[in-house]
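**Q**
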Amino acid sequence: RLLDLLRDNGFYVERLRFTSPVRRGSRPAPPGSPGPIEVPGTAETARSSEEWNATIRRYGSPVFFSTSPDGRVVRGLSGIPADERPLLFCGNHQLYAFDMPVMVEQVLKETGVLMRGLAHPSLFPSGSGGDEEGHDEQKEDGKEQEGSDGFKLEIPEPPPAMQNTYSTFGAVQVTPSAFYRLLRQKEAVLLYPGGVREGFKRKGEQYELFWPTRPEFVRMAARFETTVVPIAAIGLEDSVSLVLDSDEIRASPLLQRLGWAEVEASARGARRGVTEDPDNDHAFVPPLIAPSVPARLYFLFGRPIKLGRELYEDREAAAQAYANVKAELEACISYLLRARERDPYKDFLPRYLYENPPLGQAPGQAPTFEPR
Numbered sequence: 001r002l003l004d005l006l007r008d009n010g011f012y013v014e015r016l017r018f019t020s021p022v023r024r025g026s027r028p029a030p031p032g033s034p035g036p037i038e039v040p041g042t043a044e045t046a047r048s049s050e051e052w053n054a055t056i057r058r059y060g061s062p063v064f065f066s067t068s069p070d071g072r073v074v075r076g077l078s079g080i081p082a083d084e085r086p087l088l089f090c091g092n093h094q095l096y097a098f099d100m101p102v103m104v105e106q107v108l109k110e111t112g113v114l115m116r117g118l119a120h121p122s123l124f125p126s127g128s129g130g131d132e133e134g135h136d137e138q139k140e141d142g143k144e145q146e147g148s149d150g151f152k153l154e155i156p157e158p159p160p161a162m163q164n165t166y167s168t169f170g171a172v173q174v175t176p177s178a179f180y181r182l183l184r185q186k187e188a189v190l191l192y193p194g195g196v197r198e199g200f201k202r203k204g205e206q207y208e209l210f211w212p213t214r215p216e217f218v219r220m221a222a223r224f225e226t227t228v229v230p231i232a233a234i235g236l237e238d239s240v241s242l243v244l245d246s247d248e249i250r251a252s253p254l255l256q257r258l259g260w261a262e263v264e265a266s267a268r269g270a271r272r273g274v275t276e277d278p279d280n281d282h283a284f285v286p287p288l289i290a291p292s293v294p295a296r297l298y299f300l301f302g303r304p305i306k307l308g309r310e311l312y313e314d315r316e317a318a319a320q321a322y323a324n325v326k327a328e329l330e331a332c333i334s335y336l337l338r339a340r341e342r343d344p345y346k347d348f349l350p351r352y353l354y355e356n357p358p359l360g361q362a363p364g365q366a367p368t369f370e371p372r
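The UniProt record's numbering puts the first residue of the sequence shown at 1, with every later residue one more than the last.
#1: So, does the segment 358-367 touch the segment 323-336, judging by three or more C-beta pairs under 8 angstroms?
#2: What do you reckon, are the CB atoms on Glu-110 and Gly-76 nearer than 8 angstroms?
#3: Considering Cα atoms alone, identify which of Arg-58, Phe-169, Gln-173 is closest to Ile-37.
#4: Report the partner residues of Cys-90 according to the DSSP bridge assignment.
#5: Given Met-103, which residues of its chain have a CB within under 6 angstroms of its CB, disregarding the five upstream and five downstream residues?
#6: Within its chain, find whatever has a CB closer than 8 angstroms to the CB of Tyr-335; leave out the 5 residues flanking it on each side and keep chain order.
#7: Could you tell me how far apart the beta carbons of Phe-224 and Arg-184 are, in whole angstroms, since I believe they sit closer than 8 angstroms?
#8: DSSP puts Lys-306 in a beta bridge; with which residues?
#9: Quick check on this structure: which residue in Glu-205, Leu-118, Thr-226 has the alpha carbon closest to the alpha carbon of Thr-175?
#10: Is His-120 helix, strand or coil by DSSP?
#11: Give the C-beta separation of Ala-222 and Gly-308 to the nearest angstrom, bearing in mind that I take them to be a contact with Cβ-Cβ under 8 angstroms.
#12: If you run the structure through DSSP and keep just helix, strand and coil, what is Ile-333?
#13: Give the single residue among Asp-245, Leu-244, Pro-371, Tyr-96 whose Cα lies nearest to the Cα of Ala-339.
#14: Tell me, to the nearest whole angstrom, how far the beta carbon of Ile-333 is from that of Val-228; I am working on the premise that it is less than 8 angstroms.
#15: Which two residues bound the contiguous alpha helix (DSSP H) that contains Leu-300?
#16: Quick one: is Thr-368 buried, meaning 16 or more other Cβ sit within 10 Å of its Cβ, or exposed?
#17: Could you pull the start and end residues of the alpha helix (DSSP H) that Val-104 belongs to?
#18: Does the distance from the C-beta atom of Tyr-192 to that of Gly-60 stay below 8 angstroms?
#19: Does Ala-366 come out as helix, strand or coil in the three-state DSSP assignment?
#20: Ordered along the chain, which non-local residues of its own chain (more than five positions away) have a Cβ less than 7 angstroms from that of Tyr-180?
#21: Hey, which unbroken runs of the beta strand (DSSP E) at 3 residues or more fall wholly within the segment 13-82?
#22: Just the Cα atoms here: how many angstroms apart are Leu-353 and Arg-85?
#23: Would you say Cys-332 faces chain C, with C-beta separation under 8 angstroms as the test?
#24: Which class does Ser-241 belong to by DSSP, given the choice of helix, strand or coil?
#25: Nearest-angstrom Cα distance between Ile-178 and Val-107?
#26: Check this for me: beta carbons of Ala-295 and Gly-235, under 8 angstroms apart or not?
#27: Taking C-alpha atoms, which residue in Leu-359, Gly-360, Leu-349 lies nearest to Arg-58?
#28: Counting only the same chain and skipping the five closest in sequence on each side, list residues whose C-beta sits under 7 angstroms from that of Gly-134.
#29: In this structure, does DSSP put Leu-320 in helix, strand or coil?
#30: At which residues does the beta strand (DSSP E) containing Leu-183 begin and terminate?
#31: Could you check how far apart the C-beta atoms of Ser-49 and Ser-66 are, in whole angstroms? I think they sit under 8 angstroms.
#32: Mind checking who Ala-290 pairs with in its DSSP beta bridge?
#33: Between the C-alpha atoms of Glu-205 and Arg-197, what's the straight-line distance to the nearest angstrom?
#34: With H, G and I counted as helix, E and B as strand and the rest as coil, what does DSSP make of Val-196?
#35: Excluding the 5 residues flanking Leu-337 on each side, which residues of the same chain have their C-beta closer than 8 angstroms to its C-beta?
#36: Where does Glu-316 land, buried or exposed, given buried means 16+ other C-beta within 10 angstroms?
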């Protein structure tokens, strides 16, 4: 009877599937660590998405495109080389990356590929596993600081719904060793090269890239002959208003008096080794945002780029490959910004009324532009 109940609710699987081969007798990797994990099933995916992703889909109505081998943009994710390993997905980091979980979920649903995201340590709950780069001693240190008036400031953790999604979908604390291990295991890795600087944009920087000048992550990926897939995403940065950006928060006398400098200093860093970026400011200072009218979310997976092993030794060639990946991503962003003007349901009200009619049954997701 229990077996029937599990089967009826979608939790029964005849064969476990892992993101990479697991040694016999070994334990599953703890949340936040780069070891192989079990690929979540249909029911588990749906359960983890009940809160966060369901809300994003309801108001953002995301649409997904990919690039076929002949260079054509097509609706859906058939252009992703799902059978190639390792895979490295490189995306533009929208403000706060609230769109990332729904993208990871969609890729898993359509292709069976679980993208293991490399995420900032501060996005994980204190005490989560897998911190291999000597940050453990900081996990209990002053994430919360008391200002001169006795008022406590703290760096907010992600909403519980997002934390649950990170755990279910195998996100990993971004460290050089975690990146290396995932590639060595021939996994599918999701990286935002712009990191915190790109995720915490300043005013007037909508959809700009802030990548490091050093192509080290490309060299590391080339060592394992990785296939890189650029991912362009737009819409989220049109759905929020930037009230105070990171620079304005740092300059605020009130926040400084309340102890913000100490809070900033206590945040765990994420840029070392192949992810080090001396050219951009990656201080973990979340900007203050306010919700705006929800824009439609668009995702385009660009032309796959195969990295040869020779790039690991040839720094000049690696720099050119790095530039090619970045240029492909910028071209995909530009394509989406132009193409969405042809979407009859890009604006919230007509889209929402189409998908949630006051009378009658909803016909499904609102149509979008035809790729060309």
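Beta carbons: idealized from backbone N, C-alpha and C, even for Gly.
Remember, predicted model here, so these are calculated numbers, not experimental data.
**A** Reading it off the structure:
#1: Not touching, per the Cβ criterion.
#2: As a first step, residue 110 is located in the sequence shown; it is residue number 110 there, counting from the start. As a first step, residue 76 is located in the sequence shown; it is residue number 76 there, counting from the start. Yes.
#3: To locate residue 37, count along the sequence shown from 1; it is residue 37. Comparing C-alpha distances from Ile-37 to each of Arg-58, Phe-169, Gln-173 shows the shortest one belongs to Phe-169.
#4: Working through the sequence shown from its first residue, we reach residue 90 at position 90. Answer by DSSP bridge pairing, in chain order: Leu-191, Pro-230.
#5: Here residue 103 corresponds to residue number 103 of the sequence shown, with the count starting at 1. Closer than 6 angstroms at the Cβ level, and outside the excluded window around Met-103, lie Phe-299.
#6: To locate residue 335, count along the sequence shown from 1; it is residue 335. For Tyr-335, where only same-chain residues beyond five positions count, the Cβ hits under 8 angstroms are Val-73, Ala-232, Leu-300.
#7: Translated into the one-based positions of the sequence shown, residue 224 becomes position 224. Translated into the one-based positions of the sequence shown, residue 184 becomes position 184. Contact holds; Cβ gap of about 6 angstroms.
#8: As a working mapping, residue 306 is identified with position 306 in the sequence shown. Per DSSP, Thr-227.
#9: The residue you call residue 175 lines up with position 175 of the sequence shown. Ranked by how close their Cα comes to the Cα of Thr-175, the residues Glu-205, Leu-118, Thr-226 have Leu-118 in first place.
#10: Translated into positions along the sequence shown, residue 120 becomes position 120. For His-120, the three-state secondary structure derived from DSSP is coil.
#11: Counting from 1 along the sequence shown, the entry for residue 222 is found at position 222. Counting from 1 along the sequence shown, the entry for residue 308 is found at position 308. The Cβ separation is near 6 angstroms, so the contact holds.
#12: On the sequence shown, position 333 is the one that residue 333 refers to. Per DSSP, reduced to three states, the secondary structure at Ile-333 is helical.
#13: Mapped onto the sequence shown, residue 339 falls at position 339. Considering only alpha carbons, the answer is Pro-371.
#14: Counted from its first residue, the sequence shown places residue 333 at position 333. Counted from its first residue, the sequence shown places residue 228 at position 228. Their Cβ separation, rounded to whole angstroms, is 16 angstroms, which puts Ile-333 and Val-228 out of contact at 8 angstroms.
#15: By one-based count along the sequence shown, residue 300 stands at place 300. From DSSP, Leu-300 is part of no alpha helix (DSSP H) but of the beta strand (DSSP E) over 298-301.
#16: The residue labelled residue 368 in the question sits at position 368 within the sequence shown. Classification for Thr-368: buried.
#17: Position 104 of the sequence shown holds residue 104. It spans 100-111 - the alpha helix (DSSP H) in which Val-104 sits, taken as one unbroken run.
#18: As a first step, residue 192 is located in the sequence shown; it is residue number 192 there, counting from the start. As a first step, residue 60 is located in the sequence shown; it is residue number 60 there, counting from the start. Note that the C-beta distance between Tyr-192 and Gly-60 is not below 8 angstroms.
#19: Here residue 366 corresponds to residue number 366 of the sequence shown, with the count starting at 1. Reduced to three states, the DSSP call for Ala-366 is coil.
#20: Within the sequence shown, the letter at position 180 stands for residue 180. Met-220, listed in sequence order.
#21: Segments of the beta strand (DSSP E) lying fully in the segment 13-82: 63-67, 73-75.
#22: As a working mapping, residue 353 is identified with position 353 in the sequence shown. As a working mapping, residue 85 is identified with position 85 in the sequence shown. For the pair Leu-353 and Arg-85, the Cα-to-Cα distance works out to about 42 angstroms.
#23: Within the model displayed, chain C is absent; a lone protein chain is all it includes.
#24: Working through the sequence shown from its first residue, we reach residue 241 at position 241. When secondary structure is reduced to three states using DSSP, Ser-241 falls in the strand class.
#25: By 1-based counting over the sequence shown, the position of residue 178 is 178. By 1-based counting over the sequence shown, the position of residue 107 is 107. The question names Ile, yet the displayed sequence has Ala at residue 178. About 22 angstroms.
#26: Here residue 295 is taken as the residue at index 295 of the sequence shown, counted from 1. Here residue 235 is taken as the residue at index 235 of the sequence shown, counted from 1. Cβ atoms of Ala-295 and Gly-235: closer than 8 angstroms.
#27: Within the sequence shown, numbered from 1, the residue matching residue 58 stands at position 58. Ranking Leu-359, Gly-360, Leu-349 by CA distance to the CA of Arg-58 puts Leu-349 first.
#28: As a working note, residue 134 is residue 134 in the sequence shown. Summary for Gly-134: the model assigns pLDDT 41, below 50, so the residue's position carries little reliability, and this model does not support an answer.
#29: Working through the sequence shown from its first residue, we reach residue 320 at position 320. Rather than Leu, the amino acid found at residue 320 in this sequence is Gln. Gln-320 falls in the helix class under three-state DSSP.
#30: For the purposes of this step, residue 183 is taken as residue 183 along the sequence shown, with counting starting at 1. It is not in any beta strand (DSSP E) - Leu-183 instead sits in the alpha helix (DSSP H) that spans 176-184.
#31: On the sequence shown, position 49 is the one that residue 49 refers to. On the sequence shown, position 66 is the one that residue 66 refers to. With 8 angstroms as the limit, Ser-49 and Ser-66 do not qualify as a contact, their Cβ atoms being about 21 angstroms apart.
#32: Position 290 of the sequence shown holds residue 290. Assignment of beta-bridge partners to Ala-290 by DSSP yields Ser-241.
#33: Numbered from its first residue, the sequence shown carries residue 205 at position 205. Numbered from its first residue, the sequence shown carries residue 197 at position 197. C-alpha of Glu-205 to C-alpha of Arg-197: approximately 11 angstroms in a straight line.
#34: The count along the sequence shown starts at 1 and reaches residue 196 at position 196. DSSP places Val-196 in helix when its eight states are reduced to three.
#35: Taking the sequence shown and counting its residues from 1, one reaches residue 337 at position 337. For Leu-337, where only same-chain residues beyond five positions count, the Cβ hits under 8 angstroms are Tyr-207, Ile-234.
#36: The residue you call residue 316 lines up with position 316 of the sequence shown. That one is exposed.
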